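As structure tokens, the structure follows; a few thoughts come after it.
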Amino acid sequence: MAAALLVRFLRPPLDTRIVLIESEEIGIVGVGEATVPVIQAFNGVVGIDEREFLRATHGTFKLGIEFRDWARIGNVHGHFFGDFGRPIEGVSPHHHWLKLRQLGDETPLSEYSVPNTAAKLGRFAPPSPDLRSEASAYKYAYHFDAMLYARFLRAHAEQRGVQRLEGKVVDVRLNGESGFIESVLLESGESIEADLFIDCSGFRGLLIEQALKTGYEDWTRYLPCDRAVAAPCESAGLAPFTTSTAREAGWQWRIPLQHRVGYGYVYCSSFIRDDAAYTTLLGNLEGKPLADPRFLRFTTGRRKQFWNKNCVAIGLAAGFMEPLESTSILLIQTALARLIDMFPDLSFDPTIADEYNRVTRNELERIRDFLILHYHATERDDSELWNYCRTMSVPESLQHKIDVFKSFGRVALYSEESFLEPSWIAIFLGQFVYPRRYDPIIDSIELEKLKHGMQHRRMTVRKIAEAMPTHAQFLERHCKSATSTR
Ligand SMILES: Cc1cc2nc3c(=O)[nH]c(=O)nc-3n(C[C@H](O)[C@H](O)[C@H](O)COP(=O)(O)OP(=O)(O)OC[C@H]3O[C@@H](n4cnc5c(N)ncnc54)[C@H](O)[C@@H]3O)c2cc1C
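For the sequence shown, the numbering used here begins at 1 and goes up steadily by one.
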């Protein structure tokens, strides 16, 4: 992603050369299969054709995430990429829903969401370009084979002038005075010098940590899952959404691609052993596994600085907050946009790095809080993990958000939020965090008018969703991949 985007911006007359060093022997993590809508903008800027990309990566469309058993066993709620309707009398629609709920109306909030309703019906169509239509008010992302996406981007970058070197970096040379990175040494003996180094070496943080000793802020106390076991499976239906099912010591993902379904159990090693986690995963597959399971280990948290001297860490080298809301690829893409925006000259003014680090830290902390809410807002008391998460203390920034929402139903947004009001509402209300009161302004609306307005919204949503083709039909018509088994 870094090479593909940078080559698009750092082109003549700028006198830059981009070298990408990768090691086939080490490989990539490759389990990142679900994304959020920002990827559309990224692919667009890089110059990738959506349908060609989906065919090449066996990709499918993602309208959001369905959460099962998170707040209570048996509860299903969703986080889909859309809102719950336009404000009525200037008040967010969830207040109207809250008022009707207080009066005994049991309509689930999901029925006011176009993408959630479409997902339940197994349907997909891109949003309408007509911005006046309710059918324009949602977004979508993708599921894909991450190995194939990396390969696709590599070819794209190479065609546009990136030089790729196959080989292992075995040493990093620092300048004795400034501590800046001067060069990296490959196993072959070749030395590569550069002005700016982007560390995309994954969890190991080859440059940012091993060479520059930047330090890591550990968030395990808030996000305790530290392992995953993943297995691809035979195809079993083409839901246009990710499913996340809470389990005894973590949660399991289900990500449908065109040719297979990706499954993985993200768990906390303090509460379950690897073999038991694997058995849990195997017991919850819908088809035959297509490969041996892969075990992965991680420590949730972030690098203390993302930009240190002449090195910018991007991707897992910068930090990892677990895959619950598919935010790692998002964070790579926003980091790259920020790097281009703040691109240094050879003086490497430290103010630029400070600003980059400030904004990136805020962005990560906002996502961290959103993820913690999923774990913390639970009534589950059936296992050690859920007892821990339900009773843990959360960061002040999140506690404030919870307090504000509980008090009067407002979402307190900070700067650099990746998830806006509808996303927070979906998790708050989906996980039974209810405000003590709705916005009193809506009491000025005649009750019958309010009921009628809400019913109209529901019917419009349903009509829009029912008019869409099924997800399978849409893929078949527009982006069927060569080896798809459908
Ligand atoms: C369990 C799990 C599930 C995930 N699910 C999602 C998801 O659904 N959505 C999402 O957005 N993200 C997800 N992620 C994160 C996602 O996998 C990563 O963001 C993505 O793979 C990018 O990783 P990376 O490029 O930073 O690191 P890596 O994939 O580890 O790549 C590191 C690169 O550095 C190279 N390298 C390393 N050391 C050397 C060396 N010494 N010499 C030369 N080259 C070297 C490697 O060859 C490789 O090319 C998940 C992660 C995990 C662990």
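By construction, the Cβ of each residue, glycine as well, lies at the ideal position given by its N, Cα and C atoms.
Note that the structure is a prediction, hence the values are computed from the model and not measured.
CA-CA distance, residue i and residue j?
i	j	result
Ala-426	Asn-362	22 Å
Ile-272	Gln-40	37 Å
Glu-417	Ser-244	22 Å
Pro-344	Gly-47	24 Å
Cys-225	Thr-214	23 Å
Gly-64	Val-261	16 Å
Trp-253	Ser-415	29 Å
Val-411	His-376	17 Å
Leu-450	Leu-109	15 Å
Ala-313	Trp-307	6 Å
Thr-485	Gln-258	Here the model assigns Thr-485 a pLDDT of 48, short of 50, so the residue's position is not dependable and the matter cannot be decided.
Phe-53	Phe-152	8 Å
Gly-453	Asp-403	30 Å
Lys-120	Thr-470	11 Å
Asp-382	Pro-293	27 Å
Asn-175	Tyr-356	23 Å
Tyr-222	Arg-477	44 Å
Lys-99	His-456	16 Å
Cys-311	Glu-66	38 Å
Ile-445	Phe-197	59 Å
Pro-87	Tyr-138	15 Å
Ser-393	Cys-233	38 Å
Ala-277	Ala-211	35 Å
Output yes or no for whether 8 Å exceeds the beta carbon distance between residue i and residue j.
i	j	result
Arg-164	Leu-20	yes
Gly-59	Phe-144	yes
Glu-89	Ile-340	no
Leu-384	Arg-302	The sequence shown places Glu at residue 384, rather than the Leu named in the question. Not closer than 8 Å, so no.
Lys-406	Pro-240	no
Pro-115	Phe-81	yes
Val-38	Thr-242	no
Leu-398	Leu-373	yes
Gly-264	Val-31	yes
Leu-487	His-94	Limits of the chain in this structure are 1 at one end and 486 at the other, which puts residue 487 out of reach.
Ser-481	Arg-55	yes
Val-184	Val-162	no
Thr-378	Gln-431	yes
Glu-190	Glu-182	no
Ala-236	Gly-283	no
Gly-205	Ala-317	yes
Sort out for me which residues DSSP pairs residue i with in a bridge.
i	result
Gly-22	The question names Gly, yet the displayed sequence has Glu at residue 22. Beta-bridge pairing links Glu-22 to Glu-166.
Pro-115	Looking at the DSSP assignment, Pro-115 forms no beta bridge with any residue, so it has no partner.
Asn-308	Cys-311
Ile-88	Val-91
Trp-251	Ala-246, Val-266
Glu-217	Arg-302
Gly-82	Tyr-138
Arg-260	Glu-234
Ile-464	Paired residue(s): none; Ile-464 is not in a bridge.
Leu-186	Val-169
Phe-530	The structure shown does not extend to residue 530, since the chain is modelled only from 1 to 486, so the question has no answer here.
Ser-191	Leu-185
Leu-174	Ile-181
Ala-34	His-143
Val-433	Paired residue(s): none; Val-433 is not in a bridge.
Glu-66	Gly-78, Thr-243
For residue i, name the three-state secondary structure that DSSP assigns.
i	result
Leu-290	coil
Tyr-138	strand
Glu-181	Looking at the sequence itself, residue 181 is Ile, so the reference to Glu does not match. Strand at Ile-181.
Thr-60	strand
Leu-131	coil
Phe-348	coil
Arg-227	strand
Glu-158	helix
Arg-486	Its pLDDT being 44, under 50, Arg-486 is placed unreliably in this model, and the value from its coordinates should be taken loosely. Of the three classes helix, strand and coil, the one that applies to Arg-486 here is coil, per DSSP.
Lys-99	helix
Gly-47	coil
Phe-474	helix
Glu-355	helix
Leu-420	coil
Gly-444	Note that residue 444 is Ser in the sequence shown, not Gly. Helix at Ser-444.
Ile-198	strand
Asp-104	The question names Asp, yet the displayed sequence has Gly at residue 104. It is coil, neither helix nor strand.
Ala-277	helix
Arg-123	strand
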